[in-house]
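So the sequences go chain by chain: A and B.
Final position of the first sequence in the working numbering is 434; the numbers increase by one with none missing.
Final position of the second sequence in the working numbering is 1220; the numbers increase by one with none missing.
All C-beta atoms in this analysis are idealised placements derived from N, C-alpha and C, irrespective of residue type, glycine included.
Since we're looking at a predicted model, the values are computed, not measured.
Okay, so here's the structure we're looking at.
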Amino acid sequence: MTSIRKKLLFTLIGAMSVVMAIGAWATYRAAWEEANSIFDYHLEQIALSVRNQSFQGGAEAVVGEESFEFVIRIWDRNGLTVHYSRPHRELPEVARLGYATERTSEGAWRVFALQYRGLTIAVAQPMSVRARLAARAALHTMTPFIILLPLVALLIWIVVSRELRPLTELARSVARRTPDALDPISEHGVPAETWPLVRSLNDLLARLQTALQTQRDFIADAAHELRTPLTALQLQTQLLERASDADTRQAAIGDLRAGLERATHVVHQLLTLARAEPGANQPAPVAVDLADLCRQSVIDHTTLAATRNIDLGLAECPPTVSVTGQAEALRTLLDNLVANAVRYTPAGGRVDVRCGRDDQGIWLEVQDNGPGIPLQERERVFDRFYRRAGQAASGSGLGLAIVQAIARQHDAQVTLDDAPGGGLRARVVFRKPG
Amino acid sequence: MRLLVVEDDAMIGNSLRSGLRQDGYSVDWVRDGTAAELATATTAYDAILLDLGLPGRSGLELLARWRRQQNPVPVLIITARDSVADRVLGLDTGADDYLVKPFDLDELSARLRALLRRRAGRATPIIENGPLTLDPASHEVRLDGNEISLSAREFGILHALMEAPGVPLSRSQLEDRLYGWQEEIGSNAVEVHIHALRRKLGSDWIRNVRGVGYMVPRET
């Protein structure tokens, strides 16, 4: 049961009942004690008054109230019953003088006995009388509460409902939020107890807003950036249509094919980036061997490197370095770095791929001896669709953004700095877990 | 007619250059703002095709600077920015026309012709000079109603001369308007084309002003 209202109601009523029950029991005990001392005194007084009177016929007068069920019995020296006020089957035998509590098949009896001139006078009373009296006292205490219980329950219900109304308001206020209006919920007028909830909700709303804005910007950027390859395609198609001789047509077809490849590449990169952005569904992470990864990437780029006359190779890479993550994504990360290095290094250059482990963590590195990237641009090259001035190669402008997104996904950091021999060194450091 | 294309994308730049050359323009293509500044400082262009999203200096900055320098060259913006605010800003900064990518090459040519026509102060697309008429769109040249077949270069020279009848243009001015940077110009290429034009039109239509250059006499 998760209703706060019901829970509060039952808990409060339950707690009150327990308290009242304890109170009733205490009253019962107190009344019982009281009754014991009064009635014991009574027993003794009756016995004494019987002794001071003649027994014949006078005993009933001192017994008093019928409901107290006093029984008087007198024996003579020989054990013969001389007087029996109310002949009783099960009146206990008197074992000793003074007070005693005797058990019979009819329950416990309180007996007071004294001896007087060879006679034994016993006055007895069933304990049940006293219990009844004590119970009645306890019941009297409980009665108002029992009568008031439904009223108290109703009151609790009303008060709790009223106090929970801000929660209903809060729920309504959350329900009003739409993806277009994710403004924070006001803390004004909500009970202090719900502030943590409101704050976490506002926190979530803020994060949602940021994520949505990122997505919108991404889509806007993407649509905008797709215009460039599409423009090229349109122009190339028209040039092909206009081509009057076979050579021109052949050249135009070649251009058109290159344009298509570029458009395909841009779309592919966009999809890759969308997958690497936070919030995308990811398969379960696995252990990825970085040496394998590096080797595969070098193999995959051998042809590209050869056509550009670049010496691409695997440098140091200890075989036991592995990280936990998305194998496919990490491969994309490394491929982008290697492809960039090969593409932007002048012919005759050299590109080295290496990995390792040091006190900062596990690292991957792609180093070239190309022109490098000036310091002031090293942050901006990670922006989506950022293209550097004066580049002959026409990329999608997404490669490093993809690298960055995948690195973040793996709690890794990407840095660009100067390679020892000139050129660019791209380094990915996977932070040590914990 | 000599055009400057300012476009950072290699494929678009290449295609524009090829397409516009087929239309008889000589085309210079630069890929960033600095190169564009340099080009406009050294060469007189008949029109500029300007992309806005350039690396380094933006297209709008370039345009604003040309207009501050009182450079009246017609500028046609070609860009992916398609919002009304962007178009208004582009035109208000001083552009003469605005074309959103992706665009049609034929439409681009037509808009260019319109720009050049307006610059020459004509409302009609066809340039007339007495019985000699020239249609920049169809490359049709007629003398007394008879069509005269010209090569692209010959047409280019006649077009340049007919834009301002009675005003002589020097050989180097004509070369500037006929050839882009990378094109090889033979030492007497202009003379060869002038000779061919005279042969096809009659020598009266292309006059040589000694020591100055060539002109088409104004007919009344």
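Would you say B:Val1073 and B:Ala1095 are within 7 angstroms of each other, going by their C-beta atoms? Position 73 of the second sequence, counted from the first residue, corresponds to residue 1073 of chain B. Position 95 of the second sequence, counted from the first residue, corresponds to residue 1095 of chain B. It is not a contact, given that the beta carbons lie outside the stated cut-off.
Comparing C-alpha positions only, which one of A:Thr320, A:Val71 and A:Trp75 sits nearest to A:Ser85? For this step, residue 85 of chain A is matched to residue 85 along the first sequence. For the options A:Thr320, A:Val71 and A:Trp75, the alpha carbon positioned closest to that of A:Ser85 is the one of A:Val71.
Beta-carbon separation of A:Gln367 and A:Ala401 under 7 angstroms? In the first sequence, counting from the first residue as 1, residue 367 of chain A sits at position 367. In the first sequence, counting from the first residue as 1, residue 401 of chain A sits at position 401. No, the pair does not count as a contact, with Cβ atoms beyond the cut-off.
Boundaries of the alpha helix (DSSP H) in which A:Met127 is found, first to last residue: The sequence position of residue 127 of chain A within the first sequence is 127, counting from 1. A:Met127 -> alpha helix (DSSP H) spans Met127 to Ala175.
Under the rule that 16 or more other beta-carbon atoms within 10 Å means buried, what is A:Ile373, buried or exposed? Here residue 373 of chain A is taken as the residue at index 373 of the first sequence, counted from 1. Answer is buried; the Cβ neighbour count reaches 16.
At 3 residues or longer, and completely inside the region 1081–1108 of chain B: list those beta strand (DSSP E) runs for me, N to C. Complete beta strand (DSSP E) runs here, min 3: 1097–1100.
Return the residue from the list A:Leu204, A:Ser200 and A:Pro166 that minimises the CA-CA distance to A:His188. By 1-based counting over the first sequence, the position of residue 188 of chain A is 188. In terms of Cα proximity to A:His188, the closest of A:Leu204, A:Ser200 and A:Pro166 is A:Pro166.
Considering only C-alpha positions, which residue in the set A:Ala192, A:Leu164 and A:Pro278 is nearest to A:Ala211? Within the first sequence, numbered from 1, the residue matching residue 211 of chain A stands at position 211. Nearest C-alpha to A:Ala211: A:Pro278.
Mind checking if B:Ser1170 is an interface residue toward chain D, Cβ cutoff 7 angstroms exclusive? The structure shown contains no chain D; its protein chains are A and B.
State the beta-bridge partners of A:Ile72 as determined by DSSP. On the first sequence, residue 72 of chain A is found 72 positions in, with the first residue counted as 1. Partner(s): A:Val123.
Pick out the complete alpha helix (DSSP H) segments inside the region 1016–1067 of chain B, 4 residues or longer, and give them in chain order. 1033–1042
What did DSSP end up calling A:Arg363 once you bin it into helix, strand or coil? As a first step, residue 363 of chain A is located in the first sequence; it is residue number 363 there, counting from the start. Per the sequence shown, the amino acid found at residue 363 of chain A is Trp instead of Arg. Here A:Trp363 sits in strand by DSSP.
Kindly confirm or deny that the region 193–207 of chain A and the region 40–50 of chain A touch, where touching means at least three C-beta pairs closer than 8 angstroms. no
Based on Cα-Cα distance, which residue from A:Leu424, A:Ala412, A:Pro346 and A:Gln215 lies nearest to A:Lys432? In the first sequence, counting from the first residue as 1, residue 432 of chain A sits at position 432. Comparing Cα-Cα distances from A:Lys432 to each of A:Leu424, A:Ala412, A:Pro346 and A:Gln215, the minimum goes to A:Ala412.
CA-CA distance, A:Ala181 and A:Leu273? One-based indexing of the first sequence puts residue 181 of chain A at position 181. One-based indexing of the first sequence puts residue 273 of chain A at position 273. If I take the Cα positions, the gap works out to 27 angstroms.
Is the distance from the Cβ of B:Leu1134 to the Cβ of B:Ile1127 below 7 angstroms? Counted from its first residue, the second sequence places residue 1134 of chain B at position 134. Counted from its first residue, the second sequence places residue 1127 of chain B at position 127. Yes, Cβ-Cβ distance for B:Leu1134 and B:Ile1127 is below 7 angstroms.
On the DSSP bridge list, what partners appear for A:His287? Within the first sequence, residue 287 of chain A is the residue found at index 287, counting from 1. The displayed chain sequence assigns Ala, not His, to residue 287 of chain A. BP columns for A:Ala287 point to A:Thr324.
Please give me, in chain order, every unbroken run of the beta strand (DSSP E) with length at least 3 that falls completely inside the region 292–349 of chain A. 311–314 and 322–325
Using CA atoms only, rank isn't needed, just tell me which of B:Asn1014, B:Ala1164, B:Asp1092 and B:Ser1187 is closest to B:Arg1171. Taking the first residue of the second sequence as 1, we reach residue 1171 of chain B at position 171. Taking B:Arg1171 as reference, the option from B:Asn1014, B:Ala1164, B:Asp1092 and B:Ser1187 with the minimal CA-CA separation is B:Ser1187.
If you draw a straight line from the C-alpha of B:Ile1148 to the C-alpha of B:Leu1089, how long is it? By one-based count along the second sequence, residue 1148 of chain B stands at place 148. By one-based count along the second sequence, residue 1089 of chain B stands at place 89. When the Cα atoms are used, B:Ile1148 and B:Leu1089 turn out to be separated by approximately 44 angstroms.
Kindly indicate if chain A contains any beta-carbon less than 7 angstroms away from that of B:Gly1013. As a first step, residue 1013 of chain B is located in the second sequence; it is residue number 13 there, counting from the start. Chain A contact via Cβ: absent.
Relative to the C-alpha of A:Ala15, which candidate in A:Trp32, A:Phe145, A:Arg130 and A:Val266 has its C-alpha closest? Taking the first sequence and counting its residues from 1, one reaches residue 15 of chain A at position 15. The shortest Cα separation from A:Ala15 among A:Trp32, A:Phe145, A:Arg130 and A:Val266 belongs to A:Phe145.
Cα-Cα separation, B:Asn1208 to B:Pro1055: Here residue 1208 of chain B corresponds to residue number 208 of the second sequence, with the count starting at 1. Here residue 1055 of chain B corresponds to residue number 55 of the second sequence, with the count starting at 1. So the two alpha carbons sit approximately 46 angstroms from each other.
Once DSSP output is grouped into helix, strand and coil, what is the label at A:His410? Indexing the first sequence from 1 puts residue 410 of chain A at position 410. If DSSP states are grouped into helix, strand and coil, A:His410 belongs with coil.
Between the region 288–307 of chain A and the region 248–263 of chain A, do three or more beta carbon pairs fall short of 8 angstroms? no
What's the call for A:Asn369, buried or exposed, on a 16-neighbour Cβ count within 10 Å? For the purposes of this step, residue 369 of chain A is taken as the residue at position 369 of the first sequence. Counting Cβ neighbours within 10 Å, A:Asn369 comes out buried, since at least 16 surround it.
Report the rounded CA-to-CA distance for B:Asp1046 versus B:Arg1002, giving the unit in angstroms. In the second sequence, counting from the first residue as 1, residue 1046 of chain B sits at position 46. In the second sequence, counting from the first residue as 1, residue 1002 of chain B sits at position 2. Each residue's alpha carbon lies about 5 angstroms from the other.
With burial defined as no fewer than 16 other Cβ atoms inside 10 Å of the residue's Cβ, what is the status of B:Ser1018: buried or exposed? Counting from one through the second sequence, the residue named residue 1018 of chain B turns up at place 18. So B:Ser1018 ends up on the buried side.
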